[in-house]
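In the numbering used here, the protein residues as written are -5 to 223. To keep things clear, I will list the structure first and then write my remarks on it.
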Amino acid sequence: MAEALPNPKPTALSGPELLKDASWFDANWPLISTLLCPVAFVLPFVLCQLPGRAAIRNPYVLGWLTIAFYLCHQTEEHGYDLRGWRYAFVPDFNHGTGAWLFKECEKIGHRTCPADPRMATYINVVTVWGGFTFCMLCAHHLGGRYAYAGFCNWGMSVINALTGHLIPWMLVGYNPGAFQSIFMCLFGIYALSRVGKFFAWTCIVHGLAFHGVPLAVAKLFAPDAPKES
């Protein structure tokens, strides 16, 4: 039986080293999120043209703000974290949670298992830039009860903040994205408090399923990957 590959603790150089073989977009989309973040915070209030208190209670404004908070979250996760480390989340995840969830990485190698820059791009850009935005465009188009569609995104954001960052921070120490998660979690709870309990809990269940189902599918059906050289 082959000897398990080592799983060294990430350093400030781990992220940049991982990005050496990545495409320009895979390496720089977090910086684009940083540039888009201020616009995403201001634009919903400009477009709704409501006074302050009415705007912050408006379902469309609250829905669009999910994108703003998550762009800010991506900045700390994948841009530069509180330590000034570049692209720190993927190495941190592979070293900790990823290694715990996917024991196969002991044979494959922890550098790009279970996550790599391309996977991080797909998850963050497709889900947040694409999915969250498309959700809100549909909410505006359909109107009525669909105005609250963006609250499902808040359920996902709250679960991500709690289970992916804040609880691990309390248990094992700081992780990239943890500080911003405080604000995303608190505002997400405020947003969900604006709707009925049943719908709020439905959004939370959606958040759990969003994170749990892909992990379960990957665990059950992903093919074996070759060992790193």
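Built from N, CA and C at the ideal position, the CB exists for glycine as well.
- Contact check between the region 60 to 67 and the region 142 to 153: three or more CB pairs, one atom from each, fall below 8 Å, which counts as touching.
- Within the model, the alpha-carbon separation for R77 versus F173 is close to 11 Å.
- Going by DSSP, A114 is part of the alpha helix (DSSP H) stretching over 111 to 115.
- The beta carbon of L25 sits closer than 7 Å to the beta carbons of G73 from its chain, once the five residues preceding and following it are set aside; these are given in chain order.
- A contact between stretches requires three or more CB pairs, one per stretch, nearer than 8 Å, and the region 44 to 61 fails this requirement with the region 89 to 103.
- Your pair G57 and A143 checks out as a contact, with CB atoms roughly 7 Å apart and the cut at 8 Å.
- When the alpha-carbon of P0 is set against those of A155, G90, S187, the nearest one is in G90.
- In its chain, beyond the 5 residues on either side, P85 have a beta carbon closer than 7 Å to the beta carbon of S8.
- Residues of the same chain with a CB within less than 6 Å of the CB of A155, apart from the 5 flanking positions on each side, are S175, M178, C179 in chain order.
- Partner residues in the beta bridge of Y74, as assigned by DSSP, are R80.
- In the three-state reduction of the DSSP assignment, G190 falls in the coil class.
- Runs of the alpha helix (DSSP H) lying entirely within the region 118 to 202 and spanning at least 4 residues, in chain order: 127 to 136, 144 to 155, 161 to 166, 172 to 187.
- Residue range 46 to 51 is occupied by the alpha helix (DSSP H) that includes A48.
- Our two residues, G103 and F126, have alpha carbons roughly 33 Å apart in a direct line.
- Pairing A6 with G167, the inter-Cα distance amounts to about 16 Å.
- When DSSP states are grouped into helix, strand and coil, C99 belongs to the helix group.
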